[in-house]
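Engineer: One structure is given below, represented as structure tokens, and several questions about it will come after.
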């Protein structure tokens, strides 16, 4: 009986440790890296991220709809984003520009 108790305790500790490791492994963008999110989600937003007067396309806004704001910030503050030569200050305005363009009544 005591062996079973300790076996259950060890299994619970291992399971909890594995869960916490999985949570830590997933960053601001969940199971995807910021580089992957940049490539797949942000590809329609490059032009409006470089020029504040450029219109933000529906494709850009739609690709950002389900991206958590923490993930969005992780993307625009990533090394890969910086290498693209895009101004973070302008990219920072895209969600607001999307809301104004597509949700303003």
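In mature numbering (1 follows the signal peptide of the UniProt record, and there is no 0), the protein residues as written are -25 to -1, 1 to 80. Glycine included, each C-beta is placed from N, C-alpha and C at the ideal position.
Counting pairs of beta carbons, one from the stretch 39 to 59 and one from the stretch 8 to 28, are three or more of them closer than 8 Å?
Structural biologist: yes
Engineer: Please work out which residues of its chain come closer than 6 Å, Cβ to Cβ, to residue -2, disregarding the five sequence neighbours upstream and downstream, and give them in chain order.
Structural biologist: On the chain shown, position 24 is the one that residue -2 refers to. With a pLDDT of 46 at residue -2, under the threshold of 50, the modelled position of that residue is not reliable, and no figure is offered here.
Engineer: Which residue marks the beginning of the alpha helix (DSSP H) containing residue 58, and which one marks its end?
Structural biologist: Translated into the one-based positions of the chain shown, residue 58 becomes position 83. 54 to 58 is the span of the alpha helix (DSSP H), which, as asked, contains residue 58.
Engineer: Closer than 6 Å by C-beta to residue 66: which residues in its own chain qualify, once you throw out the five before and the five after it? Chain order, please.
Structural biologist: Counting from 1 along the chain shown, the entry for residue 66 is found at position 91. Within the same chain, residue 66 has close Cβ partners 24, 51.
Engineer: For residue 49, does the count of other Cβ atoms within 10 angstroms reach 16, so buried, or fall short, so exposed?
Structural biologist: Taking the chain shown and counting its residues from 1, the one referred to as residue 49 is at position 74. Buried.
Engineer: Could you tell me which of 58, 2, 21 sits nearest to residue 68, measuring between CA atoms?
Structural biologist: Residue numbering aside, residue 68 sits at position 93 when the chain shown is read from its first letter. With distances taken between Cα atoms, residue 68 lies closest to 21.
Engineer: Pick out whichever of 12, 62, 75 has its Cα sitting closest to the Cα of residue 42.
Structural biologist: The count along the chain shown starts at 1 and reaches residue 42 at position 67. Selected option, being the one with the closest Cα: 12.
Engineer: If I measure Cβ to Cβ from residue 17 and keep anything under 7 Å in the same chain, skipping five residues before and after, which residues do I get?
Structural biologist: For the purposes of this step, residue 17 is identified with residue 42 of the chain shown, where counting begins at 1. Around residue 17: 50.
Engineer: I'd like to know whether the C-beta atoms of residue 46 and residue 4 end up nearer to each other than 8 Å.
Structural biologist: Locating residue 46 in the chain shown gives position 71, where the first residue counts as 1. Locating residue 4 in the chain shown gives position 29, where the first residue counts as 1. Against a cut-off of 8 Å, the Cβ pair of residue 4 and residue 46 comes out as a contact.
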